[in-house]
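Colleague: After the C-alpha cells below, expect a handful of questions from me.
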Amino acid sequence: MDAQLILASASPRRQALLRQAGIVFRQQVTAIDESPLHNESAEDCVVRLALEKARAVRQHEGEDELPVLGADTSVVLDGRMLGKPGGPEQARQMLQALSGREHRVLSAVALVREREAVRLSTSRVWFRPLEAAEIDAYWRTGEPRDKAGGYAIQGIGALFIERLEGSYTGVMGLPLYETGQLLQEFGIQVLDNTHDS
Numbered sequence: 100m101d102a103q104l105i106l107a108s109a110s111p112r113r114q115a116l117l118r119q120a121g122i123v124f125r126q127q128v129t130a131i132d133e134s135p136l137h138n139e140s141a142e143d144c145v146v147r148l149a150l151e152k153a154r155a156v157r158q159h160e161g162e163d164e165l166p167v168l169g170a171d172t173s174v175v176l177d178g179r180m181l182g183k184p185g186g187p188e189q190a191r192q193m194l195q196a197l198s199g200r201e202h203r204v205l206s207a208v209a210l211v212r213e214r215e216a217v218r219l220s221t222s223r224v225w226f227r228p229l230e231a232a233e234i235d236a237y238w239r240t241g242e243p244r245d246k247a248g249g250y251a252i253q254g255i256g257a258l259f260i261e262r263l264e265g266s267y268t269g270v271m272g273l274p275l276y277e278t279g280q281l282l283q284e285f286g287i288q289v290l291d292n293t294h295d296s
C-alpha cells in the first residue's frame with residue numbers, strides 16, 4: 100500500500116504508534132531549532148514546534164502530494180518545560196522533581212498539506228515517591244536518555260506512574276485520538292470500512 104502521509108519525526112515511539120493505528124507512512128526529518136521563545140507558554144511552544152517540524156519537511160519535499168505529520172511533546176512541572184536530560188545528574192534532578200507529584204504532558208500534533216491544522220493533547224500524570232537508588236538504577240537502563248522529562252511511560256518508567264488522566268499515547272509522544280481526528284479532517288482513511296465483515 101502506498102504511504103498516506105510523511106512523518107516529520109525520527110522518534111521510534113511515534114513510528115510504532117502510527118503502525119499500531121494501521122497508518123502507512125514514510126519518514127523525513129528536517130532539523131529545526133526547538134528552543135522555546137521568550138515568554139512562550141508550554142502549550143504555545145509544543146503547538147508551534149509541531150507545526151514548524153511539519154512545515155520544514157513539507158518545504159523540503161516540495162510539491163509532494165502527501166500531507167506531513169509533525170508532533171512535539173513536553174513534560175511540564177510548575178509551568179516549566181522539562182526537556183531531555185543532558186546526563187545522569189540532570190536526569191536525577193528531573194526525576195527527583197517529579198517524585199511524589201503531579202505533572203502535565205503536552206503533546207501537539209500538526210498536519211500540513213495545502214492547509215494546516217493542529218491539535219493539542221493535555222494529560223496529567225502522578226508519580227509515586229522515588230528513592231534515589233531507583234532513580235540511579237533507572238538511568239543505568241539507558242531508557243531516560245532521549246525522553247522528555249527523563250522517563251518513558253511505555254517502558255520501565257511505567258513503574259513510577261501511580262495514575263494518569265488523559266492520553267496514554269499522548270504521553271508516549273503521539274496522541275492517536277487527535278491524530279485520527281486530523282487525518283479524517285484531511286480526508287485520509289484511517290480504518291478501511293470498504294469491506295463487509
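Its first residue numbered 100, the sequence shown is counted upward by one per residue in this note's numbering.
Note that the Cβ used here is the ideal one computed from N, Cα and C, for glycine as well.
Everything numeric in this text was worked out from a predicted model, so none of it was measured.
Nearest to residue 114 by CA position, among 290, 286, 276 and 272, is which residue?
Modeller: Here the question's residue 114 lines up with position 15 in the sequence shown. Checking every option, the nearest Cα to that of residue 114 belongs to 272.
Colleague: Going by beta carbon distance, what residues of the same chain come within less than 7 angstroms of residue 137, once the five residues before and after it are set aside?
Modeller: For the purposes of this step, residue 137 is taken as the residue at position 38 of the sequence shown. Here the set comprises nothing.
Colleague: Closer than 8 angstroms is the cut-off here; do at least three beta carbon pairs connect the segment 252-272 with the segment 283-292?
Modeller: Contact between the segment 252-272 and the segment 283-292 is absent, because fewer than three Cβ pairs lie under 8 angstroms.
Colleague: If residue 205 sits next to residue 219, beta carbons under 8 angstroms apart, how far is it from one beta carbon to the other, in whole angstroms?
Modeller: Your numbering for residue 205 matches position 106 in the sequence shown. Your numbering for residue 219 matches position 120 in the sequence shown. Their Cβ separation, rounded to whole angstroms, is 7 angstroms, which keeps residue 205 and residue 219 in contact under 8 angstroms.
Colleague: Once DSSP output is grouped into helix, strand and coil, what is the label at residue 101?
Modeller: Position 2 of the sequence shown, counted from the first residue, corresponds to residue 101. Coil at residue 101, not helix or strand.
Colleague: With C-beta atoms as the reference, is residue 242 less than 8 angstroms away from residue 252?
Modeller: Here residue 242 refers to the residue found at position 143 of the sequence shown. Here residue 252 refers to the residue found at position 153 of the sequence shown. No, the Cβ-Cβ distance between residue 242 and residue 252 is not below 8 angstroms.
Colleague: Compare the C-alpha of residue 277 against each of 210, 174, 240 and 156 and name the closest.
Modeller: Walking along the sequence shown from the start, residue 277 turns up at place 178. Taking only the C-alpha atoms, the option nearest residue 277 is 210.
Colleague: State the start and end residues of the unbroken beta strand (DSSP E) segment that holds residue 255.
Modeller: Taking the first residue of the sequence shown as position 1, residue 255 is located at position 156. Neither: residue 255 is in no beta strand (DSSP E) and is coded neither H nor E.
Colleague: Residue 250 to residue 165, Cα distance in whole Å?
Modeller: As a first step, residue 250 is located in the sequence shown; it is residue number 151 there, counting from the start. As a first step, residue 165 is located in the sequence shown; it is residue number 66 there, counting from the start. Whole-angstrom Cα-Cα distance: 33 angstroms.
Colleague: If you follow the alpha helix (DSSP H) that residue 279 is part of, which residue opens it and which one closes it?
Modeller: On the sequence shown, residue 279 is found 180 positions in, with the first residue counted as 1. Looking at the DSSP string, the run of the alpha helix (DSSP H) that includes residue 279 is 275-284.
Colleague: Between the alpha carbons of residue 125 and residue 104, how many angstroms are there, rounded?
Modeller: The residue labelled residue 125 in the question sits at position 26 within the sequence shown. The residue labelled residue 104 in the question sits at position 5 within the sequence shown. Taking the straight line joining both Cα atoms gives about 7 angstroms.
Colleague: With DSSP run on the structure shown, which of helix, strand or coil describes residue 233?
Modeller: Here residue 233 corresponds to residue number 134 of the sequence shown, with the count starting at 1. Three-state result, residue 233: helix.
Colleague: Assuming contact is defined by CB atoms lying nearer than 8 angstroms, are residue 153 and residue 169 in contact in what I supplied?
Modeller: Within the sequence shown, residue 153 is the residue found at index 54, counting from 1. Within the sequence shown, residue 169 is the residue found at index 70, counting from 1. For residue 153 and residue 169, yes; Cβs fall inside 8 angstroms.
Colleague: Flag this pair as yes or no: are the beta carbons of residue 215 and residue 150 separated by less than 8 angstroms?
Modeller: Taking the sequence shown and counting its residues from 1, one reaches residue 215 at position 116. Taking the sequence shown and counting its residues from 1, one reaches residue 150 at position 51. Yes, the Cβ-Cβ distance between residue 215 and residue 150 is below 8 angstroms.
Colleague: Just how far apart, CA to CA, sit residue 177 and residue 143?
Modeller: Counting from one through the sequence shown, the residue named residue 177 turns up at place 78. Counting from one through the sequence shown, the residue named residue 143 turns up at place 44. Approximately 16 angstroms between the Cα atoms of the pair.
Colleague: What is the DSSP secondary structure of residue 208, counted as helix, strand or coil?
Modeller: For the purposes of this step, residue 208 is taken as the residue at position 109 of the sequence shown. Residue 208: strand per DSSP, three-state reduction.
Colleague: With DSSP as the reference, please indicate the residues paired to residue 180 in a beta bridge.
Modeller: Taking the sequence shown and counting its residues from 1, the one referred to as residue 180 is at position 81. Answer by DSSP bridge pairing, in chain order: 175.
Colleague: May I have the straight-line CA-CA distance separating residue 199 from residue 160, to the nearest angstrom?
Modeller: Start at 1 with the first residue of the sequence shown, and residue 199 comes out as number 100. Start at 1 with the first residue of the sequence shown, and residue 160 comes out as number 61. Approximately 45 angstroms between the Cα atoms of the pair.
Colleague: Just the Cα atoms here: how many angstroms apart are residue 192 and residue 221?
Modeller: For the purposes of this step, residue 192 is taken as residue 93 along the sequence shown, with counting starting at 1. For the purposes of this step, residue 221 is taken as residue 122 along the sequence shown, with counting starting at 1. Cα to Cα, residue 192 sits roughly 23 angstroms from residue 221.
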